[in-house]
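> Numbering (our numbering), first residue to last: 712 to 879. Backbone N, C-alpha and C fix where the C-beta goes; we use that ideal spot for every residue, glycine too. Handing you a structure now.
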């Protein structure tokens with residue numbers, strides 16, 4: 712599958728779940744003095760996450776062009792650090808939560824209509840003490856417990872300077 716096809720399948724899938732497709736935001740966000748370049752898909756929604764504004768929708772999906780200068784020293788040393796890339800994202804603003812996010816991710820990855828990946832080759836990570844997410848993966852999706860790895864905030868959490876409990 713080529714990149715264009717993967718991108719379109721992802722965005723179409725989340726549109727089918729009621730997400731509004733939003734265009735990639737600018738790569739140099741002049742309105743955000745905390746970053747030189749857009750580092751993540753959530754950046755265009757940062758003011759909402761910080762409680763500074765309200766959006767006209769509660770679900771969104773994006774393919775955001777990102778540039779991370781902080782990762783430069785790790786590029787080539789790890790399999791997951793890059794400088795420029797497109798980040799596919801789906802966002803809920805007070806709408807769906809863990810259950811739907813997990814079940815939809817599984818559907819997108821394994822359903823023949825979408826990616827059709829072999830479920831036997833998939834594992835998941837959850838935040839260290841997130842029993843709810845672990846339970847959804849094992850009890851509703853059906854992943855064996857040994858395929859659900861608990862990881863701490865260094866590996867499985869990115870606060871992006873947002874309040875830990877989200878916006879007001």
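(1) Could you name the residues of the same chain whose beta carbon sits closer than 6 Å to that of residue 755, not counting the 5 residues immediately before and after it, in chain order?
(2) With DSSP as the reference, identify every bridge partner of residue 689, one or two as the case may be.
(3) Nearest CA to the CA of residue 734: which residue from 718, 748, 838?
(4) Output yes or no for whether 9 Å exceeds the beta carbon distance between residue 862 and residue 800.
(5) Let me know the secondary structure DSSP gives residue 879 once reduced to three states.
(6) What residue ranges within the region 736 to 791 form continuous alpha helix (DSSP H) runs of no fewer than 4 residues, ordered along the chain?
(7) Counting only the same chain and skipping the five closest in sequence on each side, list residues whose C-beta sits under 6 Å from that of residue 820.
(8) Could you give the residue range of the beta strand (DSSP E) that holds residue 836?
(9) Between which two residues does the alpha helix (DSSP H) containing residue 714 stretch?
(10) Verify whether the separation of the beta carbon atoms of residue 770 and residue 731 is less than 9 Å.
(11) Rounding to the nearest angstrom, what Cα-Cα distance links residue 810 and residue 835 in this structure?
(12) Considering only residues of the same chain and omitting the five flanking positions on each side of residue 858, which have a CB-CB separation below 6 Å?
(13) Spell out the partners DSSP gives residue 860 in its beta bridges.
Reading it off the structure:
(1) Position 44 of the chain shown, counted from the start, is the residue given in the question as residue 755. The answer, listed in chain order, is 736.
(2) With the chain covering 712 to 879 only, the question about residue 689 has no answer from this structure.
(3) The count along the chain shown starts at 1 and reaches residue 734 at position 23. Taking only the C-alpha atoms, the option nearest residue 734 is 718.
(4) As a position in the chain shown, residue 862 is number 151, starting the count at 1. As a position in the chain shown, residue 800 is number 89, starting the count at 1. It is not a contact, given that the beta carbons lie outside the stated cut-off.
(5) One-based indexing of the chain shown puts residue 879 at position 168. In this predicted model, residue 879 has a pLDDT of only 42, less than 50, meaning its place in the structure is not dependable; the value taken from the coordinates is given anyway. In the structure shown, residue 879 sits in coil (DSSP, three-state: anything other than H, G, I, E or B).
(6) 757 to 760
(7) Residue 820 sits at position 109 when you count from the first residue of the chain shown. Contacts found: 826, 828.
(8) As a first step, residue 836 must be located in the chain shown, where it is residue number 125. Element bounds for residue 836: 835 to 838.
(9) Taking the chain shown and counting its residues from 1, one reaches residue 714 at position 3. From DSSP, the alpha helix (DSSP H) with residue 714 extends over 714 to 727.
(10) Within the chain shown, the letter at position 59 stands for residue 770. Within the chain shown, the letter at position 20 stands for residue 731. In contact: residue 770 and residue 731 (Cβ atoms closer than 9 Å).
(11) In the chain shown, counting from the first residue as 1, residue 810 sits at position 99. In the chain shown, counting from the first residue as 1, residue 835 sits at position 124. Approximately 14 Å between the Cα atoms of the pair.
(12) Within the chain shown, numbered from 1, the residue matching residue 858 stands at position 147. 834.
(13) Within the chain shown, the letter at position 149 stands for residue 860. Residue 860 pairs with 836.
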